[in-house]
Each structure stands twice: as C-alpha cells, then as structure tokens.
Amino acid sequence: MKVLCGIGGSDDSFRALDRTVERAAVANDDLTVAVVDNEDSSVAPDEVLERAREAVADAGIDAEVRRVEGDPGSRLIEIAEREAFEEIVLGGGHTSPMGKITIGSIAEFVLLNAKTTVTLVR
Amino acid sequence: MSDRRYPDAVADAFPIPPTEFTDREGRTVEIRPYDGGNAAYESLVGMYDDFDPSDRAQGIPPGGEKRIREWLDAILGGDCYNVIAWCGDEVAGHATLVPDGDAYELAIFVHQEYQRAGIGTHLIRGLLGHGQAEGVEKVWLTVERWNRAAVSLYKKIGFETSDAESFELEMGLRLNADAGGEEGSEGEAGEIGGDDDGESDRE
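Chains A and B, in that order, are what the protein sequence lines are. Quick note: the first sequence uses numbering that gives the first Met the number 0, first residue 0, plus one each step. Quick note: the second sequence uses numbering that gives the first Met the number 0, first residue 0, plus one each step.
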C-alpha cells in the first residue's frame, strides 16, 4: 500500500513514525515520511528529519523522507491526492497526566478533509 | 502544548468541603475530600466499574477494572486533589484536580443514577473550594464542544474559554492569585452556542 506518514516532532508523531516504519517492513508498504511544520513541537525539523532517516535505515526499508513546509494539514492532503497515496498515518494525540486524550490540530484537519483512509496511532 | 490562558480575575470563594445538601431527588448527599482510605478507594472503583461507557470523555474513565485501578492510582496520589460525592456509603460522583505543569487539570464524573439532580454543581464547587484552600492557582479543563450542559455549567462556575479551535473546548479558571505577582492574559472568550441551564453530570 502507498502510505504517507506525516510527523512534526511531537511525541505521538514519533510513535506513529516507529509503528509505520515497523509495519512497512512487514507489509512491504510503499512509504513516504513527510516532516511537516508543527508549531507546538519543541523538536526542530532538521532533528525530526534525522530521526525519520534513522528509523527508516534501522528497519532496512526503502522509504522516502521528505521535508514539507507550509501549512501541515493542507500540505499532507495535497500530497496524498496529487501522488495517489492510499493512506495517511499520523500521531494519535496527546494524553494529559489526567489521562485525557486530545487530538492535535493537524490530525483534526486531515481527518475532516482527507479522501484517503486516515490512521491515528495510539 | 501551547501556553494556556486564564482569566485575569480570581474567582470568588467556593465552599470548602465537607458540605451536605439534598439533591433534586430528595437524597442526602455529602461532599468530602478523598481520605485516602481503602473503603473510599474501593467504592470509587465500584462507581467507575459500573459507569456507562457512553458517558466517557476523551478516554476517561477507562474501561475494565484493571485499567480503572491504574487510572485511579495515578490521579488519587501525590499532588492531586480529589473530592467525592457520597450518598450513604455509595459514590455518586467524583471530581479531581491533577497537576500539569504550573496548573491543574479538572475532571468530574457523576454516576448515571445520580445525574440531573444538581450533584455535579455541588461537586465541582466542592472540588474548587478544596483546591482553593490548598492554594491551587490555575485550573484548566477540556470539554467536548457538543456537551452543552457541561459547557454551560463550567461557564456558570466562572471558567472562560481559552481555546475554541479544536474538537474540544479548552477552558480556564483562576482560583488564587499567582504567587509570583500579576500575570496578564488577554483575549476574548469564544462564543459558545446555546445556553441551556441544565446541570452537567459528566465532563
């Protein structure tokens, strides 16, 4: 399957990255990792790129890692449509110390606008 | 998470538990801080184990006794503040303040059997009175925006909307002045549709 994994540097996005890479190795997915801008993230895009390349290399898969600038949600959707991706994978949200889950703004936008299946990794 | 905003003004004083009242069904209900005892703990587990899953909010309370116990262990300990609404020796509702950075996150649950009886209002006021007495400065919460009864209760209590841009509304309340002096916060609270004056009984 042709999978687009969008990550911006939040904890849940790295979880999504690891799971998607792991799965791609097993399922032989055609994976692209898009490193997007996330203003809520404390990790710089270059470092996120580095983490993504490492994850891909460790899994021994052939996946593209690409830097995507601009509004993250709409850019991911645009790429998915233009390049015929079948699935978008994103982090599944932040859990507060109380245990409450809140979904990130990128995931909200993508969920409401994507034509493809969207997977949120918990 | 981005910086949360809180009202400039400190909220009025809330009643400090223990307090007692008669609910709209004529039941005597007592609001007491959680005493850390095993009986209260097991009664809480019982309430949540019997809690209607359709009244869950953003993943809590979790399902299944094992997860309930893990969750309670995390929110009943340490620096958390917990208040219980008792009807006899049965837990009617529970409200909690859990530290998160420089503020506390609030959650409140009332068991289905005790909803729509005014317990939620007494319970949240009791929790805020307890927190205020313990020196808690700032409280925030998130609420699903379609949960009108809860949103209107929180507004009535004095919470102001601090973020209206996601699925959940984020609201804040200032219980005590900052120890470190004045801290400005600005911004209009987003308009929330509907002002039903129902009681909130869950989140």
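The beta-carbon is built from N, C-alpha and C at its ideal position, and this holds for glycine as well.
So residue i and residue j are supposed to be a Cβ contact under 8 Å. How far apart are they, rounded?
{"i": "R31/B", "j": "W70/B", "result": "At roughly 21 Å, the Cβ-Cβ gap does not stay under 8 Å, so R31/B and W70/B are not in contact."}
{"i": "E29/B", "j": "Y80/B", "result": "Between Y80/B and E29/B the Cβ distance is about 17 Å, and since that is not below 8 Å, they are no contact."}
{"i": "P98/B", "j": "D72/B", "result": "With 8 Å as the limit, P98/B and D72/B do not qualify as a contact, their Cβ atoms being about 15 Å apart."}
{"i": "F84/A", "j": "L3/A", "result": "4 Å"}
{"i": "R74/A", "j": "V64/A", "result": "No, R74/A and V64/A are not in contact; Cβ-Cβ is about 15 Å, not under 8 Å."}
{"i": "T141/B", "j": "Q57/B", "result": "7 Å"}
{"i": "I123/B", "j": "A91/B", "result": "The Cβ separation is near 13 Å, so there is no contact."}
Secondary structure at residue i, three-state DSSP: helix, strand or coil?
{"i": "G91/A", "result": "coil"}
{"i": "W139/B", "result": "strand"}
{"i": "W70/B", "result": "helix"}
{"i": "E53/A", "result": "helix"}
{"i": "R65/A", "result": "strand"}
{"i": "A113/A", "result": "coil"}
{"i": "S73/A", "result": "helix"}
{"i": "L16/A", "result": "helix"}
{"i": "E181/B", "result": "A caution first: E181/B carries a pLDDT of 47, below 50, which makes its placement in the model unreliable, though a value can still be read off. It is coil, neither helix nor strand."}
{"i": "R31/B", "result": "strand"}
{"i": "N37/B", "result": "helix"}
{"i": "D51/B", "result": "coil"}
{"i": "G100/B", "result": "coil"}
{"i": "H129/B", "result": "helix"}
{"i": "M170/B", "result": "strand"}
{"i": "Y153/B", "result": "helix"}
{"i": "I29/A", "result": "Per the sequence shown, residue 29/A should be read as Asp rather than Ile. Looking at D29/A - three-state DSSP - the assignment turns out to be strand."}
{"i": "F20/B", "result": "strand"}
{"i": "E21/A", "result": "helix"}
{"i": "I107/B", "result": "strand"}
Which residues of chain B have a Cβ atom closer than 8 Å to the Cβ of residue i, listed in chain order?
{"i": "K99/A", "result": "A56, Q57, G58, I59, E104, A106 and T141"}
{"i": "I102/A", "result": "S165 and F166"}
Give me the chain B residues within the contact set of residue i, using Cβ-Cβ distance strictly less than 9 Å, ordered along the chain.
{"i": "S41/A", "result": "Chain B residues near S41/A: none, gap ~10 Å exceeds 9 Å."}
Return the residue from the list the options that minimises the CA-CA distance to residue i.
{"i": "D48/B", "options": "R23/B, R68/B and I74/B", "result": "R68/B"}
{"i": "I60/A", "options": "D10/A, E21/A, G7/A and I105/A", "result": "E21/A"}
{"i": "V55/A", "options": "V25/A, G69/A, E38/A and V67/A", "result": "V25/A"}
{"i": "I156/B", "options": "H121/B, A163/B, W145/B and S165/B", "result": "H121/B"}
{"i": "D51/B", "options": "V44/B, H110/B and T27/B", "result": "H110/B"}
{"i": "R3/B", "options": "A178/B, E169/B and N175/B", "result": "E169/B"}
{"i": "E143/B", "options": "D101/B, S165/B, R124/B and I83/B", "result": "S165/B"}
{"i": "D162/B", "options": "L174/B, W139/B, R147/B and T18/B", "result": "W139/B"}
{"i": "D126/B", "options": "V82/B, T160/B, G92/B and G76/B", "result": "It should be pointed out that residue 126/B corresponds to Leu in this sequence rather than to Asp. Taking only the C-alpha atoms, the option nearest L126/B is V82/B."}
{"i": "G8/A", "options": "H93/A, P96/A and S41/A", "result": "S41/A"}
{"i": "D39/A", "options": "L110/A, K1/A and I6/A", "result": "I6/A"}
{"i": "P71/A", "options": "R18/A, M0/A, L110/A and L30/A", "result": "L110/A"}
{"i": "L172/B", "options": "R147/B, A102/B and N146/B", "result": "A102/B"}
Which residues in chain A sit within 8 Å of residue i, going by Cβ to Cβ distance?
{"i": "D99/B", "result": "S95, P96 and M97"}
List, in order along the chain, the chain B residues whose C-beta lies closer than 7 Å to that of residue i?
{"i": "E107/A", "result": "S165 and F166"}
How would you list, in chain order, the residues of chain A whose beta-carbon sits under 9 Å from the beta-carbon of residue i?
{"i": "I74/B", "result": "P96, M97 and G98"}
Could you list which residues in chain A have their beta carbon closer than 7 Å to that of residue i, in chain order?
{"i": "W70/B", "result": "G98"}
Three CB pairs or more closer than 8 Å across the segment 111-119 of chain A and the segment 105-123 of chain B: no
Does the segment 49-69 of chain A come close enough to the segment 80-94 of chain A to have 3 or more Cβ pairs within less than 8 Å? no
Inspect the CB distances between the segment 32-41 of chain B and the segment 147-160 of chain B and report whether three or more fall short of 8 Å. no
Pair every Cβ in the segment 92-109 of chain A with every Cβ in the segment 5-12 of chain B, then say whether three or more of these pairs are closer than 8 Å. no
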